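Trainee: In the numbering used here, the protein residues as written are 8 to 459.
Please read through the structure below; I'll follow up with questions.
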Amino acid sequence: MTTRSASTSTLDHLLTEIEHRNPAQPEFLQAAHEVLETLAPVLAARPEYAEAGLVERLVEPERQVIFRVPWQDDRGRVHVNRGFRVEFNSALGPYKGGLRFHPSVDLGVIKFLGFEQIFKNALTGLGIGGGKGGSDFDPHGRSDAEVMRFCQSFMTELYRHIGEHTDVPAGDIGVGGREIGYLFGQYRRITNRWEAGVLTGKGAGWGGSLIRPEATGYGNVLFAAAMLRERGEDLEGQTAVVSGSGNVAIYTIEKLAALGANAVTCSDSSGYVVDEKGIDLGLLKQVKEVERGRVDSYAERRGSSARFVPGGRVWEVPADIALPSATQNELDENDAAALIRNGVKAVSEGANMPATPEAVHLLQRSGVAFGPGKAANAGGVAVSALEMAQNHARTSWTAARVEEELTRIMNDIHTTCHETAERYGAPGDYVTGANIAGFERVADAMLAQGVI
Ligand code: GLU
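Spelled out as structure tokens, the structure:
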């Protein structure tokens with residue numbers, strides 16, 4: 008048996024084991040499968056990794072916390088949600104990753120996100136481990152007071168597990184500036200410490216970093232631009248389809264416009280908007296950020312250039328590039344086929360794991376440049392790490408400085424993924440490049456730190 012097939016069969020065996028140990032966690036199994044299926048060449052080249060049981064240790068979180076979150080709504084009714092924090096890997100630094108508040112959240116979802124975060128954070132080169140948390144709480148339709156009470160109850164347990172040198176949560180779906188404010192307030196109250204670096208995504212006036220709200224979307228556009236550059240093209244004049252209408256989507260659309268491209272769609276769970284003139288960012292921000300409304304209200308107020316398509320998916324709209332920025336598994340094989348039929352050149356993931364494995368394989372087979380989330384959307388967590396650096400130094404940087412750093416980091420991630428893919432015989436395959444490059448950084452640190 009050759010070394011290569013030996014490592015492949017070890018991986019197959021491991022995958023079976025992971026499936027057995029983590030039943031009813033489809034998203035986690037999908038994420039683990041997607042990483043492990045690309046690692047055979049690196050395990051063959053570096054037998055010391057297998058000897059140290061690195062993959063076996065990597066797929067098992069260092070710590071998982073599950074807790075009850077009771078809270079009262081405005082009418083005094085008691086609700087009980089479930090809270091999670093999965094501290095996945097701290098070989099490179101304190102656990103770092105967002106909190107997601109969404110009814111779909113369960114342990115498998117948080118584990119998939121935490122697992123992705125390990126590699127994503129490693130790719131930034133910034134000394135942050137991987138973790139994720141959240142709750143099945145649905146902030147939609149809740150008053151500010153209800154959201155505040157929920158956040159306070161959530162933090163009343165979470166505070167025991169986090170800290171600027173231990174675990175640093177931030178936002179994700181359903182957790183933005185408002186929620187981070189309430190969470191930080193309760194942490195400060197319980198601990199009696201002004202520990203700015205315990206959470207990121209704070210308000211700019213009280214320890215937050217400029218450009219943090221924009222960072223994930225801006226970073227993804229920079230990554231897409233780097234992939235196009237590699238093919239001798241640029242963003243100028245390209246038409247883009249963007250899904251979602253949260254923070255990632257909004258700042259993706261903003262950066263596309265700044266670089267001369269035109270985003271013609273946005274969406275939410277009710278359907279999508281297509282706007283021939285290009286999405287009007289002022290109106291979208293008003294509807295989503297100020298009114299916390301739905302995208303159909305954008306279409307109603309925009310006039311004749313825009314229409315709302317209930318229940319549809321943006322991928323049926325012809326475009327040169329696609330930037331899925333909503334949620335996991337929102338772009339399947341049929342959607343990928345529609346994009347390819349319409350001549351898409353690049354797909355870059357602003358959300359975490361938005362493309363299904365079948366969609367990714369089809370896009371790659373068809374020669375479309377594909378940027379996986381753990382590389383393409385790493386700008387958000389990268390600027391979170393810059394926020395931590397500013398907090399430690401008790402300083403704040405200008406927006407220009409943060410954006411310059413973000414641009415450098417995204418270009419470095421692109422180069423790293425591209426070169427790693429080439430080195431392991433998969434030129435142009437950013438999935439393989441991102442997985443192997445992220446894995447090598449974490450694996451080398453784990454190797455040096457012993458069997459823990
Ligand atoms: N939730 C974001 C992500 O998926 C950001 C995490 C952070 O800033 O810690 O990467």
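All residues carry an ideal CB built from backbone N, CA and C; glycine is no exception.
Quantities reported herein were computed from a predicted structural model and do not represent experimental measurements.
Would you tell me roughly how many angstroms separate the C-alpha atoms of GLY310 and ARG185, rounded to the nearest one?
Mentor: For GLY310 and ARG185, the distance between alpha carbons rounds to 31 Å.
Trainee: Can you tell me whether DSSP reads MET246 as helix, strand or coil?
Mentor: One detail in the question is off: residue 246 reads as Thr in this sequence, not Met. Strand.
Trainee: By Cβ distance below 6 Å, which residues in the same chain neighbour ALA232 in space, the five residues on each side in sequence not counted?
Mentor: Excluding residues within five positions, the ones whose Cβ falls inside 6 Å are LEU242.
Trainee: Going by beta carbon distance, what residues of the same chain come within less than 6 Å of GLN124, once the five residues before and after it are set aside?
Mentor: The answer, listed in chain order, is GLY104, GLY137 and LYS139.
Trainee: DSSP state of TYR166, grouped into three classes?
Mentor: Here TYR166 sits in coil by DSSP.
Trainee: Give, in chain order, every unbroken run of the alpha helix (DSSP H) that is at least 4 residues long and sits entirely within the region 379-414.
Mentor: You should have 380-383 and 386-399.
Trainee: Check whether the Cβ of SER160 lies closer than 7 Å to any heavy atom of the ligand GLU, and answer yes or no.
Mentor: Not under cutoff, so the answer is no.
Trainee: What are the start and end residues of each continuous beta strand (DSSP E) run of 3 or more residues lying completely inside the region 200-269, in chain order?
Mentor: Entirely contained in the region 200-269, the beta strand (DSSP E) runs reaching 3 residues are, in chain order, 246-249.
Trainee: Assuming PRO101 contacts VAL175 (C-beta within less than 8 Å), just tell me the rounded distance between them.
Mentor: So it is a contact: roughly 6 Å between Cβ atoms.
Trainee: Give me, in chain order, the residues of the same chain whose beta-carbon lies closer than 6 Å to that of GLY445; leave out the 5 immediate sequence neighbours on both sides.
Mentor: These residues qualify, in order along the chain: PHE126, ALA129 and LEU130.
Trainee: Let me confirm a value: THR402 is counted as buried when at least 16 other C-beta atoms fall within 10 Å, else exposed. Which label applies?
Mentor: Its Cβ having fewer than 16 others within 10 Å, THR402 is exposed.
Trainee: Taking the alpha-carbon of THR163 as reference, which of GLU171, ARG149, ILE135 and ARG195 has the nearest alpha-carbon?
Mentor: If we check each option's Cα against that of THR163, ARG195 comes out closest.
Trainee: Excluding the five sequence neighbours on either side, which residues of its own chain have a C-beta within less than 7 Å of the C-beta of ALA452, listed in chain order?
Mentor: If we look at ALA452 and ignore the five residues flanking it on each side, its Cβ neighbours are ALA98 and LEU99.
Trainee: How would you write the range of the alpha helix (DSSP H) that GLN37 sits in, first residue to last?
Mentor: Looking at the DSSP string, the run of the alpha helix (DSSP H) that includes GLN37 is 33-43.
Trainee: Using 8 Å as the threshold, is the C-beta distance between GLY285 and VAL271 below it?
Mentor: Contact flag set, yes.
Trainee: Does DSSP put THR423 in a helix, in a strand, or in coil?
Mentor: In the structure shown, THR423 sits in a helix (DSSP, three-state: H, G or I).
Trainee: Just to confirm before moving on: does the CB-CB distance between LEU413 and ILE218 stay below 8 Å?
Mentor: Yes; because the gap between Cβ atoms is below 8 Å, this pair is in contact.
Trainee: Considering just the uninterrupted stretch of the alpha helix (DSSP H) at PRO30, what are its terminal residues?
Mentor: Note, PRO30: premise wrong, no alpha helix (DSSP H); not H, not E.
Trainee: Mind checking whether GLU365 and ASP339 have CB atoms under 8 Å apart?
Mentor: Yes.
Trainee: Using 8 Å as the cut-off, can you tell me whether the region 392-411 makes contact with the region 337-352, which would need three or more C-beta pairs spanning the two stretches below that distance?
Mentor: Touching, no.
Trainee: Following a CB-centred definition, is LYS103 positioned closer than 7 Å to any heavy atom of the ligand GLU?
Mentor: Yes, the ligand GLU has a heavy atom inside 7 Å of this Cβ.
Trainee: Measuring CA to CA, which of ALA333, VAL49 and GLN32 is closest to THR223?
Mentor: Among ALA333, VAL49 and GLN32, the Cα nearest to that of THR223 is on ALA333.
Trainee: Just tell me which of ALA211, VAL297 and GLY318 has its CA closest to the CA of SER391.
Mentor: The candidate whose alpha carbon is nearest that of SER391 is ALA211.
Trainee: Between ARG28 and the rest of its own chain, which residues show a CB-CB distance below 7 Å, the 5 nearest in sequence each way excluded?
Mentor: Excluding positions up to five away in sequence, the list is empty.
Trainee: Below 8 Å on the Cβ atoms is my guess for ASP179 versus ARG70; work out the distance and round it to an integer in Å.
Mentor: Actually they are not in contact, since the Cβ atoms of ASP179 and ARG70 sit about 19 Å apart, beyond 8 Å.
Trainee: Which residue from VAL367, GLY378 and ASN349 puts its Cα closest to that of GLU356?
Mentor: Closest by alpha carbon: GLY378.
Trainee: Once you ignore the five residues that flank LEU21 on each side, which residues in its own chain have a CB closer than 8 Å to its CB?
Mentor: Once the five neighbours on either side are set aside, the close Cβ partners of LEU21 are LEU43, VAL62, GLU63 and VAL66.
Trainee: Roughly how many whole angstroms lie between the Cα atoms of LEU144 and ALA358?
Mentor: Leu is not the amino acid found at residue 144; the sequence shown has Phe there. Rounded to the nearest angstrom, the two C-alpha atoms are 20 Å apart.
Trainee: Tell me which residue opens and which closes the beta strand (DSSP E) that VAL94 is part of.
Mentor: In the sequence as displayed, the identity of residue 94 is Glu instead of Val. 85-96 is the span of the beta strand (DSSP E), which, as asked, contains GLU94.
Trainee: How would you label ILE117, buried or exposed, when you count the other beta carbons within 10 angstroms and need 16 or more for buried?
Mentor: Answer is buried; the Cβ neighbour count reaches 16.
Trainee: Note the first and the last residue of the continuous beta strand (DSSP E) segment covering GLY104.
Mentor: 102-108 is the extent of the beta strand (DSSP E) around GLY104.
Trainee: Between which two residues does the alpha helix (DSSP H) holding ALA333 run?
Mentor: Unbroken run through ALA333: none, as it is neither H nor E.
Trainee: Please report how far the alpha carbon of TRP200 lies from the alpha carbon of PHE191, in whole angstroms.
Mentor: Sequence check: residue 200 is Arg here, not Trp. The straight-line gap from Cα to Cα measures roughly 10 Å.
Trainee: Just verifying my parser: in three-state terms, what is the DSSP assignment at ALA452?
Mentor: Helix at ALA452.
Trainee: What does DSSP give as the partner residues of GLN71 in its beta bridges?
Mentor: The partner list for GLN71 (beta bridge, DSSP) reads VAL93.
Trainee: What residues are listed by DSSP as bridge partners for SER373?
Mentor: Answer by DSSP bridge pairing: none, since SER373 is not bridged.
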